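Take the sequence shown: its position 331, counting from 1, is numbered 330 in numbering that gives the first Met the number 0, and each next residue is one higher. Cβ atoms here follow ideal geometry from the backbone N, Cα and C, with glycine treated the same way. Given the structure is predicted, the values throughout are model-derived calculations rather than measurements. A short write-up of the structure that comes next.
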Amino acid sequence: MSYRSLASAAHDLERTSQLVRIDQPVDADLEMPEIHRRVQEAGGPALLFTQVNGSPFPALSNLYGTYERARFLFKDTFPLVEQVVQLKGDPMAILRHPWKYRWAPLAAIRGLPIKKSRAAVTFGKTRIDQLPLVKSWPDDGGAFVTLPQVVTLPPNSQNIMTSNVGMYRIQLSGNDYVMNKEIGLHYQLHRGIGIHHTQYNQSDAPFRATVCVGGPPANAFSAIMPLPEGLSELTFAGMLNGHRFPYHFLDGHFIANEADFCITGTIRKQGLKPEGPFGDHLGYYSLAHDFPVMDVETVYHRKDAIWHFTVVGRPPQEDSIFGRLIHDLVGDLLPSEFPGIRDVHAVDASGVHPLLLAVGTERYMPFREPVPEEILTQANHLLGKGQTTLAKFLIIADGSDDPAFMCHDIHAFFQHVLARIRWDRDLHFQTQTTMDTLDYSGSGWNAGSKVVMACRGPVIRTLGIDLPQLQLSSEWTQASIVMPGVIALSGPKFTNYGEEANTLNGLIDALGKTELNSFPLILLQDDAEFAAANLSNFLWTTFTRTNPSHDIHGIRSFTVNKHWGCEGALILDARTKPHHAPPLIQDPAIHQKVDKLFQKGGPLAGLLS
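Structure (structure tokens):
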């Protein structure tokens with residue numbers, strides 16, 4: 000089905016029992032997000048809040064909350080879009096399989112944006128303070144747009160094929176923003192809008208931008224999709240929507256005709272304002288920092304406008320589904336984008352960017368000793384292109400000997416690597432570099448380190464499953480098996496790197512006196528039992544709280560010609576550090592209030608069953 004609006008998609012989901020209306024009056028401040036989180040975690044339906052206190056507009060969340068529902072929304076167009084993306088990576092495939100790809104070229108042409116002056120979104124005008132001002136976490140700096148489509152073009156251009164569409168969070172209220180006149184834009188390193196900002200700084204033209212919200216379901220997905228070069232987000236949205244993306248320009252501003260809301264304005268080239276804090280997808284707050292400000296001109300809306308939002312936090316959340324859809328679409332492009340790479344997995348449970356797993360292939364020198372060679376080149380390629388550049392830990396393993404070996408089974412991948420990796424040889428650091436803006440484990444904002452762990456060769460150890468007798472000082476209070484070969488230790492509260500040196504040296508000396516050949520990885524945790532409780536806890540606590548250059552240690556470590564390694568177990572200090580951002584904690588009063596809504600006799604009773 001080709002949806003022409005967010006309302007039509009909502010009606011289709013309601014018709015098929017995949018959407019629930021909530022007619023109980025609710026607050027956008029913390030209450031709606033708390034309801035959303037519970038329903039999303041339970042794999043529940045999309046939610047249409049029909050009475051949002053303080054706003055005339057209904058709000059919709061959890062639209063993409065399950066993989067099955069997301070595929071349902073795109074059921075009529077997804078297979079053909081897959082073919083178009085495949086042809087971008089391998090144009091000659093149409094000659095090898097002309098019948099299979101016979102409709103793909105036509106789909107790409109039909110997906111081109113189309114200029115039309117009539118627009119549903121210009122039905123009415125409103126103000127920022129009339130929108131559902133959704134605040135997700137208690138310490139958020141204000142209300143945010145969490146599923147925006149921010150559209151910009153180069154200076155003095157209305158060539159739609161040069162536009163950039165990105166999902167950059169937008170702060171609507173709080174901090175020093177003047178209500179109804181100013182909003183904040185948060186965009187990170189390696190984002191397309193930054194290129195436009197640079198161009199405008201070198202131009203006299205006003206930096207116009209449009210923040211679109213809602214519209215057909217493909218519009219939001221297109222804003223986050225890492226597309227092959229030369230394929231615009233608006234063309235992709237048109238293909239996935241099943242019709243050309245209609246747009247026009249009004250008073251110099253781009254208007255997405257089928258959006259539910261278009262907030263038009265001008266981004267200040269100079270003069271930043273604090274944006275944040277914001278409860279983000281790593282499971283912690285991203286703190287307040289100076290970011291660009293947009294002066295609001297007009298807020299347009301449809302007659303049947305619905306405010307589309309989501310809630311982010313410690314994964315998995317609704318936005319995790321985007322990752323699965325992206326893998327469906329671009330997974331086959333890996334060999335052409337990254338020659339030799341067979342599989343890549345940005346691990347959602349770790350916050351996506353902190354941990355990247357990959358399976359590469361050693362295709363040369365088969366007569367040599369099996370040591371990491373070509374996979375190091377492939378690792379550098381991953382760290383030098385697109386979104387994979389944000390990886391902090393890149394663990395890459397050679398899959399030449401096993402065509403079925405992939406990295407989406409995380410537990411199996413770790414077991415494969417831990418049984419083979421050599422810490423004296425296979426660690427490769429990048430220090431004094433950039434890291435993800437949202438990751439506060441580094442030495443400063445956007446500053447930190449990376450490590451490549453490259454694994455090739457035969458099994459060199461059997462991974463232990465029984466906890467060995469550890470002779471440690473009393474400050475290390477708890478030891479737990481996380482998985483075969485991995486031990487977590489509960490340690491004292493981390494103070495600072497200077498004071499911790501003696502503590503760690505004593506621990507490393509004590510561990511060095513224990514037979515640990517079957518346990519190549521030791522984790523230092525605030526709560527070892529929590530970290531070992533499940534795979535998700537291990538991934539989240541370990542990789543969001545470590546800066547490789549500072550927090551990797553080892554038994555019998557050494558440095559030779561600037562190469563660091565260790566002969567015994569590798570130690571990751573994953574304790575919370577004083578400079579880390581605080582974790583996301585729900586508001587107790589809101590938690591109790593929402594409890595009553597879901598209890599027997601409450602307006603939401605039975606929704607989680």
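Sequence-distant residues of the same chain with beta carbon closer than 6 angstroms to residue i, five excluded per side
i           : result
residue 39  : 61, 64, 317
residue 116 : 247
residue 320 : 63, 66, 69
residue 281 : 350, 437, 543
residue 389 : 352, 435
CA nearest to the CA of residue i, picked from the options
i           : options            : result
residue 522 : 542, 95, 323       : 542
residue 123 : 353, 492, 562, 300 : 300
residue 417 : 361, 517, 392, 319 : 517
residue 363 : 357, 350, 377, 352 : 377
residue 266 : 507, 180, 409      : 180
residue 383 : 438, 258, 433, 320 : 433
residue 534 : 212, 322, 483, 402 : 483
residue 386 : 353, 401, 34, 277  : 353
residue 604 : 23, 295, 429       : 23
residue 15  : 34, 67, 25         : 67
residue 583 : 10, 33, 5          : 33
residue 298 : 512, 283, 264, 42  : 264
residue 294 : 262, 540, 413      : 262
residue 459 : 156, 112, 414, 272 : 414
residue 108 : 183, 150, 80       : 80
residue 126 : 73, 324, 177       : 177
residue 597 : 41, 17, 6          : 41
residue 340 : 347, 330, 440, 349 : 330
residue 140 : 561, 479, 276      : 276
residue 427 : 564, 587, 191      : 564
Residue range of the alpha helix (DSSP H) that includes residue i
i           : result
residue 327 : 319-329
residue 377 : 373-381
residue 396 : Taken as a continuous stretch (DSSP letters only), residue 396 belongs to no alpha helix (DSSP H), being part of the beta strand (DSSP E) at 392-397.
residue 5   : 5-14
residue 69  : 66-72
residue 108 : 103-109
residue 464 : From DSSP, residue 464 is part of no alpha helix (DSSP H); its letter is neither H nor E.
residue 37  : 30-40
Chain-order list of residues whose beta-carbon lies under 7 angstroms from that of residue i (same chain, five-residue window excluded)
i           : result
residue 270 : 292
residue 592 : 30
residue 567 : 511, 515, 553, 554, 555
residue 425 : 371, 452, 453, 454
residue 199 : 154, 206, 268
residue 237 : 110, 111, 112, 243, 244
residue 95  : none
Cβ-based neighbour list, residue i, same chain, cut-off 8 angstroms, excluding 5 preceding and 5 following
i           : result
residue 58  : 27, 31, 47, 48, 51, 131, 133, 305, 306, 307, 308
residue 493 : 499, 572, 574, 575, 576, 577
residue 602 : 21, 22, 23, 596
residue 505 : 472
Cβ separation of residue i and residue j, assumed to be a contact under 8 angstroms, to the nearest whole Å
i           : j           : result
residue 447 : residue 391 : 7 angstroms
residue 142 : residue 173 : 7 angstroms
residue 69  : residue 82  : Not confirmed; about 19 angstroms, so no contact.
residue 164 : residue 232 : 4 angstroms
residue 322 : residue 360 : Rounded, the Cβ-Cβ distance is 24 angstroms, inconsistent with contact.
residue 272 : residue 175 : 5 angstroms
residue 2   : residue 215 : 4 angstroms
residue 478 : residue 466 : 6 angstroms
residue 148 : residue 160 : Actually they are not in contact, since the Cβ atoms of residue 148 and residue 160 sit about 16 angstroms apart, beyond 8 angstroms.
Endpoints, the beta strand (DSSP E) within which residue i is located
i           : result
residue 257 : Run containing residue 257: none; DSSP gives neither H nor E here.
residue 514 : Run containing residue 514: none; DSSP gives neither H nor E here.
residue 124 : 123-125
residue 335 : Note, residue 335: premise wrong, no beta strand (DSSP E); alpha helix (DSSP H) at 333-336.
residue 166 : Looking at the DSSP string, residue 166 is not in any beta strand (DSSP E), and its letter there is neither H nor E.
residue 48  : 45-48
residue 480 : 477-482
residue 421 : No beta strand (DSSP E) holds residue 421; DSSP gives it neither H nor E.
residue 344 : 342-345
residue 454 : 446-454
residue 359 : 354-359
residue 485 : 485-489
Cutoff 8 angstroms: residue i Cβ touching any chain D Cβ
i           : result
residue 236 : This model lacks chain D altogether; it includes just one protein chain.
* In chain order, which beta strand (DSSP E) runs of at least 3 residues are fully inside the region 173-224? -> 181-184, 206-212
* Length at least 3, wholly inside the region 493-551: the beta strand (DSSP E) runs in chain order -> 520-524
* To do: Only counting runs of 3 or more residues, tell me where the beta strand (DSSP E) segments fall wholly within the region 550-594, in order along the chain.
  => 551-553, 556-559, 562-565, 569-572
* Please list the segments of the beta strand (DSSP E) lying wholly inside the region 241-310, counting only runs of 3 or more residues, in order along the chain. => 245-249, 252-255, 260-266, 272-274, 288-290, 292-300
* Contained beta strand (DSSP E) runs [length at least 3] in the region 119-155, N- to C-terminal order -> 123-125, 148-151
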